[in-house]
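The sequence shown begins at 342 in this note's numbering and counts up by one.
Cβ coordinates follow ideal geometry from the N, Cα and C atoms, glycine included.
To start, the structure itself, in structure tokens.
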Amino acid sequence: MNRIKAMPKPNLNDYHMRKMKMRLHEEFDKIWVKLNNNEATESQWHIALNKWLNSEKI
């Protein structure tokens, strides 16, 4: 943890952005599987997709 705090500020922000992108991608994958199994709605899929794509644009 100390190594993360010792990193320059731009790198620290990059780390958090990568973590957020990975989390949103995993969330999208889970919704995608649920949609294929008819356990999720298409609107839930669109919301997860938009969150993930917006994080990739940043």
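Hey, residue i and residue j: beta-carbon distance below 8 angstroms or not?
| i | j | result |
| --- | --- | --- |
| W393 | H366 | yes |
| L376 | E383 | yes |
What three-state label does DSSP hand residue i in the structure shown?
| i | result |
| --- | --- |
| E380 | coil |
Just to confirm my understanding: we take residue i, look at its own chain, exclude 5 residues before and 5 after, and list those with CB closer than 7 angstroms. What are they?
| i | result |
| --- | --- |
| E397 | K362 |
Can you tell me the Cα-Cα spacing of residue i and residue j, whole angstroms?
| i | j | result |
| --- | --- | --- |
| N395 | K371 | 18 angstroms |
| E380 | H387 | 14 angstroms |
| V374 | K360 | 21 angstroms |
| R364 | N378 | 21 angstroms |
Using a Cβ-Cβ cut-off of 6 angstroms (strictly less than) and excluding sequence neighbours within five positions of residue i, which residues of its own chain qualify?
| i | result |
| --- | --- |
| A389 | E368, F369 and I372 |
| Q385 | I372 |
Quick one: what's got a C-beta closer than 8 angstroms to residue i's C-beta in the same chain, skipping five residues either side?
| i | result |
| --- | --- |
| D355 | none |
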